[in-house]
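To convert, note that position 88 of the sequence shown is 207 in the numbering used here; the numbers rise steadily by one, no gaps.
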Amino acid sequence: MYSMNNRTLKDLLYEQVARVGKALASPKRLEMIEMLAQGEKAVETLAAEVAIDVKLASAHLKALKEARLVQTRREGKRVVYRLSGGDVAQLAVTLRQVAEEHLVELRLALQQMMAEPNRLTQVGRKELLSQAKRGEVVVLDVRPQDEYDTAHLPYARSLPLTELAHRLAELPRNVEIVAYCRGPFCLMSDEAVKLLRSRGYRARKTFDGVSEWQAAGLPLTRP
120 MYSMNNRTLK
130 DLLYEQVARV
140 GKALASPKRL
150 EMIEMLAQGE
160 KAVETLAAEV
170 AIDVKLASAH
180 LKALKEARLV
190 QTRREGKRVV
200 YRLSGGDVAQ
210 LAVTLRQVAE
220 EHLVELRLAL
230 QQMMAEPNRL
240 TQVGRKELLS
250 QAKRGEVVVL
260 DVRPQDEYDT
270 AHLPYARSLP
280 LTELAHRLAE
290 LPRNVEIVAY
300 CRGPFCLMSD
310 EAVKLLRSRG
320 YRARKTFDGV
330 SEWQAAGLPL
340 TRP
């Protein structure tokens with residue numbers, strides 16, 4: 120039996136932990152965390168990426184900030200957000216993995232993204248790293264340049280999706296290309312693979328992004 124004081128204290132402890140859970144209980148906030156795992160971003164950028172207006176984006180970011188999951192800095196009149204730590208990105212990865220393990224609806228949705236399984240890498244992360252180091256594959260980061268500059272997979276080459284069609288000549292035709300972007304829910308790598316294959320390149324994608332790589336305890340390349 121707990122005394123009233125002990126019960127009150129225990130309720131307070133769980134209440135504090137629940138603050139994080141409440142802050143994450145929004146699809147848009149989860150997407151914002153995924154975006155911020157790529158690097159710091161202004162409110163306007165986040166709003167555009169998750170397809171909501173700036174006012175609503177600010178409200179979501181306020182909830183994340185109150186739970187101490189994000190921090191801010193000012194850049195002139197702009198407010199720039201960043202994650203409070205790498206553990207926040209790892210928490211988002213763990214949450215998604217638990218959801219994938221227990222929610223059949225999520226697994227079915229992911230299977231739709233894997234309608235062409237030959238577009239996915241068939242090797243483990245460490246083997247992919249070894250292949251990239253030996254030059255047996257080209258790991259292609261199709262995120263915006265600023266996200267690549269913040270952190271990227273080792274040996275990855277930056278070629279943003281928006282520039283890919285005009286810079287195909289920079290890629291070798293005799294080596295398989297493995298494209299990645301922001302993680303399992305990101306479709307930029309799908310678009311990149313579709314374009315590359317239509318132009319005669321051997322191309323696949325990997326669901327991994329920098330957050331998944333880091334959560335697995337593997338190294339990232341940073342400035």
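Beta carbons: idealized from backbone N, C-alpha and C, even for Gly.
On a predicted model such as this, the values are computed, not experimentally measured, just so you know.
Judged by their CB atoms, Met-307 and Leu-272 are not nearer to each other than the 8 Å cut-off. Residue pairing by DSSP places Ala-298 opposite Leu-259, Lys-324 in a beta bridge.
As computed with DSSP, Tyr-200 is found in a beta bridge with Lys-160, Thr-191. By the Cβ criterion, the segment 315-325 is not in contact with the segment 210-226, since fewer than three pairs of Cβ atoms, one from each stretch, lie closer than 8 Å.
Assigned with DSSP and collapsed to three states, Arg-226 falls in helix. The alpha-carbon of Val-312 is positioned some 45 Å away from that of Glu-134.
Spanning the alpha carbons of Leu-131 and Gly-140 requires a straight line of approximately 15 Å.
Collapsing the DSSP output to three states places Ser-308 in a helix.
With a beta-carbon spacing of about 18 Å, Lys-252 and Tyr-267 fall beyond the 8 Å limit used to define contacts.
According to the DSSP assignment, Gly-205 belongs to the alpha helix (DSSP H) that extends over 205-221. When the Cα atoms are used, Ala-186 and Ala-142 turn out to be separated by approximately 6 Å. Shown here, His-179 sits in a helix according to DSSP, grouped into three states.
Per DSSP, Tyr-267 is one residue of the alpha helix (DSSP H) stretching across 264-269.
Straight-line measurement puts the Cα of Gly-336 at about 16 Å from the Cα of Ser-249.
Ranked by Cα distance from Ala-208, the options Tyr-320, Thr-325, Gln-333, Ala-178 are led by Gln-333.
In the DSSP annotation of this structure, the continuous segment of the alpha helix (DSSP H) that includes Ser-249 starts and ends at 244-253.
Judged by DSSP secondary structure, Arg-148 falls within the alpha helix (DSSP H) whose first and last residues are 146-155.
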